[in-house]
Amino acid sequence: MSVDKVQDALTNPNQEQPFAELGLKQDEYESIREILGRRPTSSELAMYSVMWSEHCSYKSSKVHLRQFGEKAPHSDALLVGIGENAGVVDIGDGWAVTFKVESHNHPSYVEPYQGAATGVGGIVRDIISMGARPVAIMDPLRFGDPTHPDTRRVLTGIVSGVGGYGNCLGLPNIGGEIVFDASYQGNPLVNALCVGTMRHADIHLAKATGIGNSVILYGARTGGDGIGGVSVLASETFDADGPAKRPSVQVGDPFMEKLLIECTLEVLHAGLVEGIQDLGGAGISCATSELASNGEGGMHVWLDRVLLRDSTLSPEEILMSESQERMCAVVEPKQVDAFLAVCKKWDIEAVVIGEVNDSGRLTVDWHGEQIVDVPPRSVAHDGPVYNRPLARPDWQDARQANVPDDLPRPKSANEIRETFMTMIATPNLAAKTWVTSQYDRYVMGNTVLAQPEDSGMIRVDEESGLGVAVSTDCNARFAALDPYRGAQLAYAESYRNVAVTGAVPLAVTNCLNFGSPEDPSVMWQFEQAVTGLADACLQMNTPVTGGNVSFYNQTGDVAIHPTPVVGVLGVIDDVDRRTPMAWAEDGELIYVLGETKDELAGSEWAHAIHNHLGGLPPGLDLNKEKTLAEILVAGSRDGMFSAAHDVSDGGIAQSLAEMAMKSNIGARTWIPDGIDPFVFLWSESATRAIVVVARSEEMRFTAMCEAREFAATRIGVVDSQLANEIGSPDQVLQIDGVYAQSVVLPIGELREASEATLPALFG
Amino acid sequence: MSFRVGVVTFPGSLDDRDAARAVTIAGGTAVSLWHADANLHSVDAIVLPGGFSYGDYLRCGAIARFAPVMEKIVDAANGGLPVLGICNGFQILCESHLLPGALTRNDHLHFICRDQKLKIENNNTAWTVDYELGQEIVVPLKNGEGGYVADDYTLDQLEGEGLVIARYLDGNPNGSRRDIAGISNQAGNVVGLMPHPEHAVEALTGPTTDGLGFFTSVLTSLVKNGQVAV
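Chains as they are written, first to last, in the working numbering: chain H, 196 to 958; chain S, 824 to 1053.
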C-alpha cells in the first residue's frame, strides 16, 4: 500500500484529490492549499475535511454564536466559559458543576440504537474530560408523527440505545423530553445532556502544555467505524431516498466507557495529567490538533503506534475514525509509567502516540515517513467562517396571520370533559412512563427528583445537601411562529422548571437544532433564535456555558421546526427542601401564579385537536418571569409550598391532572371569575405556575405576591373526601364553574388514559 | 459495636457506592473489595452489588464468577459468611452455584426500572431477620435480565424448604417463575435478590426506606451468632 507523503505532495503537486467526496467545497480546498503552500497529502486532506465540517468548525453558526459571548452577563459563578469541552459553574462550598447538551441526530436516524447510545457516550466523555464525575444524564428527544410506521423503528431503537448505554454506565437518567411532530419524520432529534460534579481544584482543560510531554491515547482500539461521521453524515441533508450511510455511524461499548470514566478520574485525581481531551467527532484529527493548538503549539505523532481493531486501516482512516470510548492525555514523561499502571488496573489499553514540542507544527509520521505537516491552529480553530445569507421566509407572514381564533372550541361542560380526556392522552402530553421506566433513575443514590417532575435534581454533597436542578425545554411550534420569541419562551420554561423545584437558576446550555444553513430561511430562523436566547440570558443574568449546533436536519426541502433546546441549571442549598409536584394533604390550597390570557397559537390544543400551526406565540415579559422565579424559590426556602408545578404544554388542565395523578389525592378546583373555562384550562400563556400552599402559610404567601405585584389566584383545595361525598370509589379531580356545571374526573380514569397511549403505539 | 461489610467492585459494578452507603446508614463500616484482590480483609459480611460486571458480555455474571475475589467468597460463603447478591450480584451467585437457578432476559424484552412491591416470605435468613414474615415492602427494581428460572424440581424444593425469601406483588415485572424476587441457600447466609434494597434507605432519594432492613438484618444476625459484639 503506498502512502501519500508530504514529499509526494511536493513532487506531485497536481494530483487530483477527492475533496468533494470528503465534504469540502472547492474554495475550502483552495484555502487548504494556500495555508500549506502546496497540495495537502491525503492524510492532511482527511484531517481538514473532518475538522472543517459544519459539525466541528461551526462555520455557519460562528458569526451568530458570538452573541453568547458578547452579551454574556457578568457572573462570578462561571469558572470555565464557552470554548472548552463544557462550561464549569461554581455552586459554592468548593463544588463546581459542568453540564452540556449535544446532538446526535443524524446517526440516530440511520441507526437508532447505536446513534443514540454513542450520543450519550460522547457527551459523557466531554464531561469527564473537564475532570468531573458524570452524575446524571437527560435526553430531549423529538420524533415524527407517532402513527407513522417508521416512528416505531426510530423511537424504540433510540430509547433502547439511550437506556442500554446509560444504564450500563451507571448514570441516572433524570429527565428530558419526548415530543412528536410530523416535521421530525425524516429527522428525529436525539439531544443528550450530561451533568458532572467536581471540586474546584479538579478542573482540567484540553491543552498540550509542557515541551517534551507525552501524548497518550487510551481506551478502546481504533476501528473502521464512524469514518467521516461529522463530515459526510452530520453535515449534509438526507436524500429523499432515506438514510444509507450506516458505516458512518459509530458503535458503542458502554462497559469500556464505564472503565474509561473510573480510569480517567483516577489519573486526574492522582495528578498525573497536564491536559486531556476526549475523542468524539473527528477522532484523532480533532484531539491532536486541538490539544496542540491550545497548548505550546507543536506536536509530533507516530500514527503507526495507534492500537487498531483492524490492521488494514489506512492512515487517513485512522485519522478520521470516530471509534468510541477513546481519550487522549498529555502526561509528563516521569509520570507515564504511573499513568499506564492505572490504565492496566482498569484493563484499559494505552500507548504513547506523540510528544509535545514548540515547532508550531502538527507533524504525523507513518512508519518513519512524514504524512502530515500542518499548523495545528489552521486545522482546529481557523477553519472557514461563513456569513451565510439569511432571509425572513416568505411564508412567515401568512403563518403568523393564520391565527387560531376561529378554531372550534368546547362550549359546554360535556365538551370540556371530552376535550380534557382527549388532551391528557394525546402523545405529547400522555405519560412517558413507558419510556422512562426503561432508564435507571436510581443508580448513584443521589436522585432527588426525576421525570415526570419539572426538573431533575441531584444531591451533590451528601453532608450539606447542596444540589443542582436541571431542566431542558423547547416548544418548537412557538419557534416556528416566531424564532426570536420561541427561543426566549424555551428559555423561560426551562428557567421556570428549575425555579419551581426551589433551585436558583444559574447557567444555560443549549442545543440548537435547525435545517440546512444553506437555506436563507433557516439561517434567518437560526439568527433570530440565537439573538433571542442571548438577549434573554443577558437580561436574566444567566451565562451560556456552552452548547451545540446541529444543522442539516432537513430531508430534501423539508426542514424541521427550528428547535432551540435550552437547558438551565440551578443550585439549591439543601435538596431536602425541594418542592415536588404532587400535593400531599387535605386542606392545602391550590393557587395559580401569573395571568392567563387567550393565547392558543402554537399550543398543544391547537396542534392535537386541530393540527393547526399559526398566529403569534404567547407574550413574554422576562422581568415577570424573574419575579415568578423569586417567589417560587422564596416559597420553597421558607417552607410555604407543599407542591408546585410549571404550567406550559397543555395549560392548567394538564398541570392539575399531572399533580393529581402523581399524588393520587383528589382536589376541588374552580374556574376563576371573568375568564372563559376553555381559555383558563388550555391557554399556554407563559410565566405561570401552580403552587400548593398550606393554610397556615396562606397569609404570608399572598402578602409576598402582593409585595411583588404578582398575580396569585386561588383556584382550588386538596380534598380526599370529595370522592366519598359524591360516591366515587376513586379519588377525583373536580372542576367547578364550567359553564355553571361541575366536571368530575376520576383520577384513575385520567391515569389509565394518560398511561395507555405510548404502550399502545410502541409497546 | 462495629461490623465490617465488604462491597465488591468488579469492572462494571455500578451500585457499589449505593451498597456502601446503605451499610453505613445501617450502622456498619463499608469495606471496598477489589475483584482482582483475592483477600476478604476480615469482613463480617459481603455484598455483591448491582451493575454490569464485565459489561455482562457473554452472560450476566458469567465472567465475574471467575474473578480472584470470588474464589475466596465461595469458600467463605460455604463456611457461613453472610453474602447478599443484589441484581447483578444475584446473577453472580447463581453463576457461582452458591444459589440454584439462573436469571434470564425479562419476558417483555425491555429494561425496567420501577418501584416494586415485594412480600417477605422468609425472615429467618441472615439478611431478612429484621422483617416481619409476610411484610410488604416497596423498593426500586431495575434490570434487563431479572427473570428467575429453574426447573420445576428445583422450584418445588425452594418452595418446600421455604427458601423463597421475597416474591413480587402487584404484577410480575420480568417473568420470574412463581413471582420469585429473591432466594436463599439452605443455611440462610447467602441471599440473592433482584430488586434493589440499597436504593430504598433514605426518604430523600428512595421511594421508601423499606430496603434498610436487609442491611440491619445482617447486623442483628451477626450479633445473635456472637460474631459481632454489641
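Note that CB positions come from ideal geometry on N, CA and C, so glycine has one too.
Cβ-Cβ distance between residue i and residue j below 9 Å
i	j	result
H:Val703	H:Val760	no
H:Pro208	H:Leu240	no
H:Gly470	H:Leu400	yes
H:Thr882	H:Leu815	yes
H:Pro367	H:Arg636	yes
H:Val663	H:Ile785	no
H:Gly421	H:Val385	no
H:Leu644	H:Ala731	no
S:Ala1023	S:Val952	no
H:Gly478	H:Trp247	no
S:Leu904	S:Ala868	yes
H:Ser632	H:Pro571	no
H:Gly370	H:Gln646	yes
Residue i, enclosing beta strand (DSSP E) - first and last residue
i	result
H:Val546	545-552
S:Ile848	Looking at the DSSP string, S:Ile848 is not in any beta strand (DSSP E); the run it does join, the alpha helix (DSSP H), is 839-848.
S:Met1017	Careful: S:Met1017 lies outside any beta strand (DSSP E) and carries neither H nor E.
H:Asp285	282-287
H:Leu1039	What is shown of chain H runs 196 to 958, which leaves residue 1039 of chain H out entirely.
H:His840	836-841
S:Glu959	959-966
H:Gln380	Element bounds for H:Gln380: n/a, residue is neither H nor E.
H:Asn362	That residue, H:Asn362, is in no beta strand (DSSP E); its alpha helix (DSSP H) goes 344-364.
S:Lys942	935-943
Own chain, CB closer than 6 Å to residue i, minus 5 neighbours either side, in chain order
i	result
H:Gly437	Since pLDDT at H:Gly437 reaches only 47, below the 50 mark, its modelled position is unreliable, and the value read off the structure follows with that caveat. Excluding sequence neighbours, H:Gly437 sits near nothing in its chain.
H:Ala439	Legend: pLDDT at H:Ala439 = 44, less than 50; position of this residue unreliable, value from coordinates given subsequently. The answer is none, since no qualifying residue turns up.
S:Pro1020	Val962, Gly1034, Phe1037
Cutoff 7 Å; reference residue i; Cβ partners in own chain excluding five residues on either side
i	result
H:Leu350	Phe338, Phe957
H:Ile942	Ala855, Met856, Asn859, Gly861, Asp925, Gln926, Val927, Leu928
S:Ala899	Leu863
H:Ser255	Glu249, Tyr581, Arg583, Pro712, Phe746
H:Ala415	Asp448, Met451, Ser518, Gln519, Glu520, Arg521
H:Asp568	Val201, Arg556, Thr558
H:Asp340	Thr346, Phe375, Ala377, Gln380
Limits of the alpha helix (DSSP H) - the one that residue i falls within
i	result
H:Cys900	893-902
H:Ile471	Taken as a continuous stretch (DSSP letters only), H:Ile471 belongs to no alpha helix (DSSP H), being part of the beta strand (DSSP E) at 470-473.
H:Trp800	799-805
H:Thr621	Careful: H:Thr621 lies outside any alpha helix (DSSP H) and carries neither H nor E.
H:Gly846	846-858
Neighbouring residues, chain H, relative to residue i (Cβ below 7 Å)
i	result
S:Phe934	Gly358, Asn362, Gln633
Contact set between residue i and chain S, taken where Cβ atoms lie within less than 7 Å
i	result
H:Gly365	Leu837, Gly874
Within chain H, the residues that residue i reaches when beta carbons sit closer than 8 Å
i	result
S:Leu926	Simply none; closest approach about 16 Å.
S:Pro963	Tyr637
S:Thr1028	Tyr637, Gly640, Asn641, Thr642, Val643, Arg654
S:Val990	Correcting the residue type first, residue 990 of chain S is Arg in the shown sequence and not Val. The contacting residues do not exist; S:Arg990 stays about 21 Å from chain H at best.
S:Arg1000	Going along chain H, no residue has its Cβ under 8 Å from S:Arg1000, so there is no contact; the nearest lies around 22 Å.
Residues near residue i in its chain [Cβ-Cβ closer than 8 Å; skip 5 each side]
i	result
H:Arg441	Bear in mind that a pLDDT of 45 at H:Arg441, under 50, signals an unreliable position, so the number given afterwards is only what the model happens to contain. So the qualifying residues of the chain are Val305, Glu306.
S:Tyr954	Ile943, Asn946, Ile960, Gly1036, Ser1040
H:Leu463	Gly326, Asp397, His399, Ile471
H:Pro528	Gly407, Asn408, Ser409
Proximity test, residue i beta-carbon vs the ligand SAH heavy atom, cut-off 8 Å
i	result
H:Leu366	Absent from the structure shown: the ligand SAH. Ligands present: none.
Partners in chain H for residue i, counting only beta-carbon separations shorter than 9 Å
i	result
S:Pro834	Phe450, Lys453, Leu454, Glu457, Trp541, Asp542
**OP:** Identify each residue in the region 875-894 of chain S for which the Cβ-Cβ distance to at least one residue of chain H is less than 8 Å, and report them in chain order.
**Re:** Phe875, Tyr877, Gly878, Asp879, Tyr880
Subject >> Residues of the region 607-636 of chain H with Cβ closer than 7 Å to any Cβ of chain S, in chain order >> reply: Ser632, Gln633, Tyr634, Asp635, Arg636
Original post:
Given a limit of 9 Å on CB to CB distance, which residues of the region 637-661 of chain H reach chain S?
Top reply: Tyr637, Val638, Met639, Gly640, Asn641, Thr642, Val643, Arg654, Glu657, Gly660
Subject >> Residues in the region 760-792 of chain H having any Cβ partner in chain S nearer than 7 Å >> reply: Val770, Asp771
**OP:** Could you run through the region 536-568 of chain H and flag, in chain order, every residue whose CB is less than 9 Å away from some CB of chain S?
**Re:** Lys540, Trp541, Asp542
**OP:** Anything in the region 450-467 of chain H with a Cβ closer than 9 Å to a Cβ of chain S? List those residues in chain order, please.
**Re:** Phe450, Met451, Lys453, Leu454, Glu457
**OP:** May I ask you to list, following chain order, the residues of the region 1011-1022 of chain S that have a beta carbon less than 7 Å from some beta carbon of chain H?
**Re:** His1019, His1022
Original post:
Going along the region 840-865 of chain S in order, which residues come within less than 7 Å of chain H, judged by CB to CB distance?
Top reply: Arg840, Asp841, Arg844
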